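See below for the structure under consideration.
There are 6 protein chains.
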Amino acid sequence: MDQKTYETGLRIRSEVLGKEYVENAMKSADDFNRPFQALLNEYCWGSVWGREELPRKTRSMLNIAMISILNRPHELRAHLKGALTNGVTRDEIREILMQVAIYGGIPCGVDSFRIAREVFAELDKA
Amino acid sequence: MDQKTYETGLRIRSEVLGKEYVENAMKSADDFNRPFQALLNEYCWGSVWGREELPRKTRSMLNIAMISILNRPHELRAHLKGALTNGVTRDEIREILMQVAIYGGIPCGVDSFRIAREVFAELDKA
Amino acid sequence: MDQKTYETGLRIRSEVLGKEYVENAMKSADDFNRPFQALLNEYCWGSVWGREELPRKTRSMLNIAMISILNRPHELRAHLKGALTNGVTRDEIREILMQVAIYGGIPCGVDSFRIAREVFAELDKA
Amino acid sequence: MDQKTYETGLRIRSEVLGKEYVENAMKSADDFNRPFQALLNEYCWGSVWGREELPRKTRSMLNIAMISILNRPHELRAHLKGALTNGVTRDEIREILMQVAIYGGIPCGVDSFRIAREVFAELDKA
Amino acid sequence: MDQKTYETGLRIRSEVLGKEYVENAMKSADDFNRPFQALLNEYCWGSVWGREELPRKTRSMLNIAMISILNRPHELRAHLKGALTNGVTRDEIREILMQVAIYGGIPCGVDSFRIAREVFAELDKA
Amino acid sequence: MDQKTYETGLRIRSEVLGKEYVENAMKSADDFNRPFQALLNEYCWGSVWGREELPRKTRSMLNIAMISILNRPHELRAHLKGALTNGVTRDEIREILMQVAIYGGIPCGVDSFRIAREVFAELDKA
């Protein structure tokens, strides 16, 4: 493990997905998923999100599109919130999902629009 | 059909994918695929790409990520060229594909990197 | 937008998915998803379902197969009901899902059979 | 193995995909893929295609849609030819692929239209 | 139907997924899904799981990987339990899911790790 | 980067996919794909393949199943050869692909059997 990349990753992950969210993930880790949490922090958040060649806002936009197409609702919720944190506006999310619906197909678009509206409603209530 | 949306779509498609490419597609259309070409122009390129809420460069970045994950090499080649036309740099394409490899999986990343290098080699030879 | 295609689409969508279902979708639309609802009505339901070259029953059969494979349970529920409305029998749905299980794989078949049985149970209770 | 189902399957497979095509597959089978050829004949073609609750034409239409979305060009070619044999017209194939493009996404539609045109061109030349 | 293969399949399915689970599936079967249950028993569990060339433990490991990537949570839960029955340890499941995360992408890994932990928690409570 | 993990990864990758194959990949790397090659070596081959909790033979079996389902023929070829190197027999590959065909669907099985036979034919000629 590269300690510095790990720590950069953990910090970026907390800044994007929320400090509380990530602290919970780390605290609840056990022997079973600890190596996976380490992989997430070091590679996904350190070695890729940590690269400065793309702004975080762009990375969030790409993730909304990719995770919609990958059909992973749990992760989509987390990354929709992360996208708002990274400065993607709701109007921009709409535009991304319009494009997702054309390229990934209408059922993919319907699901992602519904999930985004649920996330927004939850945030507006809080 | 909405004639104006169709024409906007045809124009944007030509600007992004290349005039020659699109003229060939339209000329070679026959009774079998003409309705699909019309749908492409009006719907995909007019009603979605024609929306001005996202810059074309961003749309191209999203497409590289989505089409990589959708596993459609022919379309990926066309949209990699379109991305360069829309101002996405080769360095930015690399960053997108690094992120694709993490979220869409390593075999997806390997394929997209290989295809991108083939497209660049072809362009460098021309 | 082509007003006539939009209206044809809205009408067909209501006839297939149910008037109440579609009225709810349209009433609850907000600035965020209104452009997507318009796209759904005009393109998906107007420009494609509105084409008369295939009977609605056939389109419903294709959708059950496609949406099963696309792994989109929400949409599958809506289109299973729509299929019954369009004259696809429960026996025909079984046959489609047997074929889905072979071509899309057993886990896809298991999920779609379970969802279809839930939809039938819900309808039988109403 | 159920010998009768196997033989029914082998016969239907030959009628749909072509006698020559299937004879080649069976003749070239070796120890490695013989059990898979048996599974194909008995399970896919005997136990599912052999069910008489759906006409072969409908099964072919479903297959064109499913195999397009599954992104399997080799099988799509074989089943496009089989569909023509089973009485699906080229106009009906166009309609299926228009619907595929909306539900499975534009890149899926582009690929399937291109493949269908190649298959038609090949048949027209023969 | 080959009665012997069917019975072998039903037996193996009960041994792997649990007698109670399979008895419930068979008892609750109706005219709609009975042919699918027969297909499951004869082909999936009889003709493939019944082959002795791979040990059940290996088949379970393959299934965890495949069903994770196929994105089918219901089936994944059943096969995670079946894997434990077949002698796959929790540590081995972790290793499989680490590899799934790399090849199938991070969101796939996150989902499968969450589901596995839920299954383990449920078993530990029982 | 963790230099030790990188070097372990590069060594394992060479042992599995072949020294010549990997040397070519590294030599032909340029500014565009060098960071991806580094990620491959460190992350995929070092941090995951480098874990000793699963034997290489098992990892190869999982990869054949996963990459078949992910529909990535280039990578499947490389990993079929790697599997033979890691001690997976041709008979075992057949069994894996039989299971792939049932869980991932018949078209996936057909493609993977064809590719495996091409790889074997190529190796037998060499």
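Chains as they are written, first to last, in our numbering: chain S, 1 to 126; chain W, 1001 to 1126; chain X, 2001 to 2126; chain R, 3001 to 3126; chain F, 4001 to 4126; chain P, 5001 to 5126.
Don't be surprised by glycine CBs; every beta carbon is placed ideally from N, CA and C.
Here the structure is a predicted model, which is why all the values come from computation and not from measurement.
(message) Could you tell me the alpha carbon to alpha carbon distance between P/Met5098 and P/Val5088, rounded to whole angstroms?
(response) 15 angstroms
(request) Could you confirm whether any beta carbon from chain S is found closer than 7 angstroms to the beta carbon of X/Glu2053? (result) no
(request) Tell me, please, whether the region 1074-1092 of chain W touches the region 1044-1060 of chain W by the rule of three or more beta-carbon pairs shorter than 8 angstroms. (result) yes
(message) Checking 7 angstroms against the spacing of the C-beta atoms, do F/Gly4009 and F/Trp4045 come in under that value?
(response) yes
(request) Just mark W/Asp1030 as buried or exposed, buried being the case when its beta carbon has 16 or more other beta carbons within 10 Å. (result) exposed
(request) Starting from S/Phe113, find everything on chain X with Cβ-Cβ shorter than 7 angstroms and list it in chain order. (result) Asn2033 and Phe2036
(request) Can you pull the chain R residues whose beta carbon is under 9 angstroms from the beta carbon of F/Leu4039, in chain order? (result) Tyr3043, Ser3047 and Val3048
(request) Pull up the distance between the alpha-carbon of X/Lys2081 and that of X/Gly2018, whole angstroms please. (result) 9 angstroms
(message) With a threshold of 7 angstroms between beta carbons, is R/Ile3064 in contact with chain W?
(response) no
(request) Just confirm the distance between the C-beta atoms of R/Gly3109 and R/Ala3101, as a whole number of angstroms; I'd bet it's less than 8 angstroms. (result) 2 angstroms
(request) Along the alpha helix (DSSP H) that carries X/Gly2104, what are the first and last residues, could you check? (result) Arg2090 to Gly2104
(request) Using a cut-off of 9 angstroms between C-beta atoms, extract the partners of X/Ile2067 located in chain R. (result) Tyr3103
(request) Taking only the alpha-carbon atoms, compute the straight-line gap between S/Glu7 and P/Asp5002 and give it to the nearest angstrom. (result) 13 angstroms
(request) Flag this pair as yes or no: are the beta carbons of X/Pro2107 and F/Glu4020 separated by less than 7 angstroms? (result) no
(message) Quick check on X/Ala2065: buried or exposed, where buried means 16 or more other Cβ atoms within 10 Å of its Cβ?
(response) buried
(request) Look up P/Arg5117 in the DSSP assignment and say whether it is helix, strand or coil. (result) helix
(request) Compile a chain-ordered list of the residues in the region 71-87 of chain S whose CB is closer than 9 angstroms to at least one CB of chain X. (result) Asn71
(request) Check each candidate in P/Phe5032, P/Ile5012 and P/Thr5005 and name the one with the smallest Cα separation from W/Ile1093. (result) P/Phe5032
(request) Tell me whether the beta-carbon of X/Ser2068 lies closer than 7 angstroms to the beta-carbon of X/Thr2005. (result) no
(message) Is F/Glu4007 near the ligand SAH - that is, is its Cβ less than 6 angstroms away from at least one heavy atom of it?
(response) Here there are no bound small molecules, and the ligand SAH is not part of this structure.
(request) Assign S/Pro55 to one of three DSSP states: helix, strand, or coil. (result) coil
(message) Out of W/Asn1071, W/Gly1050, W/Ala1083 and W/Phe1113, which one is the CA nearest neighbour of W/Val1016?
(response) W/Ala1083
(message) Can you list, in chain order, the residues of its chain with a C-beta nearer than 8 angstroms to that of W/Ala1038? Leave out the 5 residues immediately preceding and following it.
(response) Met1001 and Tyr1006
(request) Kindly list, in the order they appear in chain R, the residues whose Cβ is closer than 8 angstroms to that of X/Ile2096. (result) Leu3054 and Leu3062
(message) Could you check whether the Cβ of R/Asp3030 sits closer than 7 angstroms to any Cβ belonging to chain F?
(response) no
(message) Can you find the residues in the same chain that come closer than 7 angstroms, C-beta to C-beta, to X/Ser2060, ignoring five residues on each side of it along the sequence?
(response) His2079, Gly2082, Ala2083, Asn2086 and Val2088
(request) State the Cα-Cα distance for the pair F/Arg4011 and F/Asn4041, rounded to the nearest angstrom. (result) 9 angstroms
(request) Decide if X/Asn2024 is buried, meaning its Cβ has at least 16 other Cβ atoms within 10 Å, or exposed. (result) exposed
(message) Measuring only the C-alpha atoms, how far is R/Asp3091 from W/Arg1034?
(response) 12 angstroms
(request) My understanding is that W/Ser1014 touches W/Val1022, with C-beta atoms under 8 angstroms, so please give their C-beta distance in whole angstroms. (result) 4 angstroms
(request) Grab me the residues of X/Pro2073's own chain with a C-beta within less than 8 angstroms of its C-beta, minus the 5 sequence neighbours each way, in chain order. (result) Asp2111 and Ile2115
(request) Would you kindly work out how many angstroms separate the C-alpha atoms of P/Leu5070 and W/Asn1071, rounded to a whole number? (result) 9 angstroms
(message) Suppose the cutoff is 7 angstroms on Cβ atoms and the five residues either side in sequence are ignored; what does the same chain contact list for P/Ile5096 look like?
(response) Met5061, Ile5064 and Ala5065
(message) Please state the DSSP three-state secondary structure of S/Ser14.
(response) helix
(request) Give a yes or no on whether the minimum CB-CB distance between P/Asp5091 and chain F is below 7 angstroms. (result) yes
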